[in-house]
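Chains as they are written, first to last, in the numbering used here: chain X, 1 to 113; chain L, 114 to 226.
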Amino acid sequence: KQEVTQIPAALSVPEGENLVLNCSFTDSAIYNLQWFRQDPGKGLTSLLLIQSSQREQTSGRLNASLDKSSGRSTLYIAASQPGDSATYLCAPTVSGSARQLTFGSGTQLTVLP
Amino acid sequence: EAGVVQSPRYKIIEKKQPVAFWCNPISGHNTLYWYRQNLGQGPELLIRYENEEAVDDSQLPKDRFSAERLKGVDSTLKIQPAELGDSAVYLCASSRQGGNEQFFGPGTRLTVL
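Next up, the structure:
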């Protein structure tokens, strides 16, 4: 069974800092990996999707990398802003027909103005 | 493109009462998912539909939970009777058939008293 760990569980940084969120997973046989953002009381917003054949994916100030063989992914946020404050969740998808996402518990990010 | 729609957004009931949640996926998305998210944790899959067929319901507590997706579009998740431990956020997501990326609705926050 796939297990996903996200470190740190919570992070507080001053505005403008670059930061890295970490995600590790136990089963490297994944189809892809998604990073999501969740604001308090809201649903999940998809940020980036990395296919298993890719090493990284970029969108604006966000860059996600994937090292499938070591079971790791990172989400890099450049020049953080207070509006980036949210919980960030990573979710690898198992290979095969199930296409099931397995979520970590998330990293709660607070960017201080 | 309209997103995934869920209703109600909030529901408070007493234990042993029934409750139902409704989801309308993104138009053209054949795959529909129901997740449960407990406080401080990532979502966990309850059931996945491909069109009107439930193809993965291994995580659905079948003694009290049921789901349906008539005509392969809207879906309803029901709990009867509800227990205190069912308090959580219930999220619906959809994706294109065989597609990679899942899109989530805002969720229904259930409180069982």
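We put the beta carbon where it would ideally sit given N, CA and C, even for glycine.
Residue-level contact check: residue 1 of chain X does not touch chain L, since none of the beta carbons of chain L fall below 8 Å from its beta carbon.
Around the beta carbon of residue 80 of chain X, 16 or more other beta carbons lie within 10 angstroms, which makes this residue buried.
Sorting X:110, X:101, X:100, X:92 by C-alpha distance to the C-alpha of residue 23 of chain X places X:92 at the top. In this structure, the beta-carbon distance from residue 106 of chain X to residue 155 of chain L falls below 8 Å. Remark: C-beta atoms of residue 185 of chain L and residue 143 of chain L approach each other more closely than 8 Å. Residue 216 of chain L places its beta carbon 8 Å or farther from that of residue 28 of chain X. Going by beta carbons, residue 220 of chain L and residue 197 of chain L fall outside the 8 Å limit.
Neighbours of residue 219 of chain L in chain X, taken as residues whose beta carbon is under 7 Å from its own, are 42, 43 in chain order.
Annotated three-state conformation of residue 199 of chain L is helix, per DSSP.
Going by DSSP, residue 44 of chain X is part of the beta strand (DSSP E) stretching over 44–51. Rounded to whole angstroms, the Cβ separation of residue 210 of chain L and residue 163 of chain L is 7 Å, and the two are in contact under 8 Å. Between residue 202 of chain L and residue 128 of chain L the beta-carbon gap is near 18 Å, outside 8 Å, which marks them as no contact. Contact annotation: residue 178 of chain L and residue 159 of chain L have beta-carbon atoms nearer than 8 Å. A Cβ-Cβ separation of about 15 Å leaves residue 39 of chain X out of contact with residue 10 of chain X under the 8 Å criterion.
Under the criterion of beta carbons closer than 8 Å, residue 52 of chain X and residue 76 of chain X do not qualify as touching, at roughly 20 Å. In this structure, DSSP gives residue 67 of chain X an extended state, which the three-state scheme calls strand.
Taking a C-beta distance under 8 Å as the contact criterion, residue 12 of chain X and residue 102 of chain X do not qualify as a contact pair. Close CB contacts of residue 68 of chain X within its chain, under the 7 Å cut and outside five residues either way in sequence, are with 28, 30, 52 (chain order). The straight-line gap separating the alpha-carbon atoms of residue 33 of chain X and residue 57 of chain X is approximately 11 Å.
As DSSP reads the structure, residue 144 of chain L sits in a beta bridge with L:163, L:208.
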